[in-house]
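Each number in the working numbering comes from the position in the sequence shown (counting from 1) with 197 added on.
Notes for the one structure printed next.
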Amino acid sequence: MSLTNATLAGLVRPDSVHKRLYTDPEIFALEMERIYGQAWIYVGHESQVKAPGDYHTTRIGDQDVVMVRGTDGAVHVVYNRCPHKGAKIVPDGDGSVGKFFRCPYHAWTFRHDGTHLSAPLRNGLQNTCFDPKHPDFSMRRVARVDRYRGFVFASQSAEGPDLRTFLNGVVSSIDNLCDRSPVGEVEVTGGVFRVLQRSNWKLFYENLHDTMHAPVTHESSVVAAREKAAEMGTMPFELLVLDGNGEPYAFWEKLELRAYAYGHGYMEGIFDPAAAERDPVSTAHFAVLADAYGDERARRILGMNRHNTVIYGSGSPHTVFQQFRVIRPIAVDKTLVEIQLFRLKGAPDAVFDRALTYANVINSPSSNVMPDDVEVYARCQEGNQTRGGEWVSMHRYAGTDRATEDGFVSINGTSELPMRNQFAAWKRFMVDETTLPASTVEGAA
């Protein structure tokens with residue numbers, strides 16, 4: 198079936214989307230081209246490639262790429278393909294290529310920026326079209342690469358907004374994460390959690406700001422945490438973060454949801470600022486920040502009460518518990534989530550230990566929370582493949598969102614503003630609106 202712009206536009210309404218967006222392989226293939234082929238996508242943190250030759254493999258949509266540190270100190274991103282026979286140059290993961298890339302098939306070599314270096318028995322290539330200086334015989338570079346405070350992004354398109362413009366309001370989440378270090382720097386530490394989900398990639402983004410699901414989906418872990426706390430006579434941190442999902446709807450209604458261009462956004466107001474003043478880990482953290490920045494700025498940094506941030510197409514950084522959930526679409530019904538954990542350079546070890554505990558309790562494959570979400574994502578995927586209906590509702594507080602200078606803000610924390618914003622961005626990426634009738638464009642939100 199041919200997907201025209203009019204067809205794609207008709208799948209997104211101001212308050213609902215068609216289930217084909219989650220189930221149609223043809224739409225998924227087009228997303229890889231029009232979203233992941235255009236947007237700035239997070240490929241890693243520069244701390245993962247500290248020395249020249251260090252590399253980290255990842256994906257931009259359906260494309261395997263390599264982030265590598267060059268001998269000049271620059272960070273390069275190239276496609277993981279040898280131009281000779283098309284072999285994958287390096288295996289998935291992290292490592293070092295040494296002074297240059299070397300193909301495991303015929304030993305063609307390339308500099309860290311991908312340019313051709315050598316090929317064995319060059320005499321056999323004389324008087325042919327082979328030209329080592331021609332780009333066709335080098336590893337191809339991703340069109341654009343940029344960094345923001347150590348976070349490396351790449352875009353497969355030579356055109357489009359610069360990285361800072363693309364990130365818009367969510368750049369403050371990256372700033373806050375880094376500012377929580379007394380030297381303003383973070384580094385990826387340890388390995389990563391990986392969770393393979395039986396669902397479309399967009400479901401994960403929607404759920405990050407779905408405040409209505411927590412008391413329902415995570416009911417069993419909330420009950421277990423409260424029973425264990427009663428047995429112990431205390432509520433330690435490990436149980437407290439589980440108990441938080443059991444807050445009544447009135448709590449979630451008070452939160453604030455922010456939405457920005459390109460599908461980004463964040464949630465604010467979820468943590469109790471007064472609790473930090475009674476917490477020895479937070480007190481120690483404040484002390485080192487106050488020494489570095491002064492009391493006023495330290496309070497401002499730790500006072501940013503932000504939960505999940507969405508960088509659409511890339512994943513979700515979490516400022517308070519210093520992690521980045523990287524979301525990689527694999528197929529229309531398969532998504533890989535990788536959870537990176539960051540150490541705040543110069544901060545007390547207890548701050549990192551707590552973040553590690555949070556990651557284990559909430560986001561690891563064996564946690565009491567992540568499996569709940571993974572299961573309901575799969576059920577949404579399966580349900581949308583039935584003939585039980587055509588449209589997916591996003592009606593909560595539709596039409597009430599307040600415009601701000603750079604985006605929108607919800608009037609209620611249970612609003613589905615983030616979902617509507619994500620699919621408005623999806624539509625802008627996927628549809629060339631200059632080809633549509635005016636009435637169709639006006640109906641988009």
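Virtual Cβ for every residue (Gly too), placed ideally from N, Cα, C.
Note that this is a predicted model, so its numbers are computed, not measured.
Beta-carbon proximity of residue i to residue j, cut-off 8 angstroms
i	j	result
Val367	Thr516	no
Val339	Ala355	no
Ile467	Asn502	yes
Gly283	Glu450	no
Ser479	Leu499	yes
Pro358	Gly462	no
Val273	Val262	According to the sequence displayed, residue 273 carries His and not Val. For His273 and Val262, no; Cβs fall outside 8 angstroms.
Met591	Glu613	yes
Arg214	Phe620	It should be pointed out that residue 214 corresponds to Val in this sequence rather than to Arg. A contact, by the Cβ cut-off of 8 angstroms.
Leu541	Val548	yes
Ser335	Phe298	no
Gly430	Val485	no
Lys425	Leu436	yes
Pro412	Glu444	yes
Trp237	Leu400	no
Asn365	Tyr446	no
Ser244	Val385	yes
Val349	His242	yes
Thr268	His309	yes
Where residue i falls, given that 16 or more other Cβ within 10 Å makes a residue buried
i	result
Asp603	exposed
Ile257	buried
His482	buried
Tyr239	buried
Gln323	exposed
Gly387	exposed
Pro526	buried
Ile608	exposed
Pro280	buried
Asn320	exposed
Ala635	In this prediction, Ala635 scores a pLDDT of 48, lower than 50, which makes its location untrustworthy; the coordinate-derived value is nonetheless stated afterwards. It counts as exposed.
Cys326	exposed
Tyr233	buried
Arg522	buried
Glu639	Confidence is the limiting factor: at Glu639 the pLDDT is only 39, short of 50, which leaves the residue's position unreliable and the question unanswerable from this model.
Leu405	buried
His303	exposed
Leu318	exposed
Ala456	buried
Val420	exposed
6 angstroms Cβ shell around residue i - same chain, five flanking residues per side excluded
i	result
Lys285	Asn277
Ala489	Pro379
Val250	According to the sequence displayed, residue 250 carries Gly and not Val. Answer for Gly250: Ser293, Val294 and Gly295, listed in chain order.
Ala393	A quick correction: the sequence has Leu, not Ala, at residue 393. Within the same chain, Leu393 has close Cβ partners Leu533.
Asp629	Asn202
Asn373	Met501 and Thr516
Arg337	Tyr276
Thr597	Ile608
Same chain, Cβ closer than 7 angstroms to residue i, neighbours up to 5 away in sequence not counted
i	result
Arg395	Asp530, Lys531, Ala575 and Gln578
His415	Asn442, Val566 and Asp569
Asp289	Thr254
Arg599	Phe605, Val606 and Ile608
Leu452	Thr408, Met464, Glu465, Gly466, Ile467 and Gly610
Ala200	Reading off the sequence, residue 200 comes out as Leu, not Ala. Hits under 7 angstroms: Glu223, Ile224 and Leu227.
Tyr555	Val438 and Phe518
Ser370	Tyr463, Arg503, Thr506, Pro514 and Thr516
His410	Asn404
One or two residues paired with residue i in a DSSP bridge
i	result
Arg423	DSSP, once it has assigned bridges, lists no residue as partnering Arg423.
Val588	The question names Val, but residue 588 is Trp in the sequence shown. DSSP output for Trp588 lists His215 as bridge partner(s).
Val342	Ala351
Glu453	Glu465
Thr306	Arg299 and Ser315
Phe605	Ala456 and Ala600
Leu538	Gln520
Asp291	His253
Arg210	Ser213
Tyr239	Phe350
8 angstroms CB neighbourhood of residue i in its chain, flanking five on each side removed
i	result
Asn581	Lys216, Tyr219, Thr220 and Val589
Arg551	Phe434, Val478 and Phe518
Tyr252	Val246, Val263, Met264, Val265, Arg266, Val287, Asp291, Gly292, Ser293 and Val294
Gly586	Lys216
Could I get the ranges of all uninterrupted alpha helix (DSSP H) runs contained in the segment 461-536, with 4 residues as the minimum, in chain order?
-> If we require 4 residues or more, the alpha helix (DSSP H) runs fully inside the segment 461-536 come out as 470-475, 477-490 and 492-499.
* Jot down the residue ranges of each uninterrupted beta strand (DSSP E) in the segment 243-281, minimum 3 residues, whole runs only, in chain order. => Within the segment 243-281, the complete beta strand (DSSP E) runs of at least 3 residues are 251-257, 260-266 and 272-276.
Extract the residue ranges of the alpha helix (DSSP H) inside the segment 546-580, only unbroken runs of 4 or more that lie entirely within it. Counting only runs of 4 or more, we get 546-555 and 567-580.
| message | List, from N- to C-terminal side, the alpha helix (DSSP H) runs of 4 residues or more that fit wholly inside the segment 363-411. | response | For the segment 363-411, the full-length alpha helix (DSSP H) segments reaching 4 residues or more read 368-376 and 398-405 along the chain.
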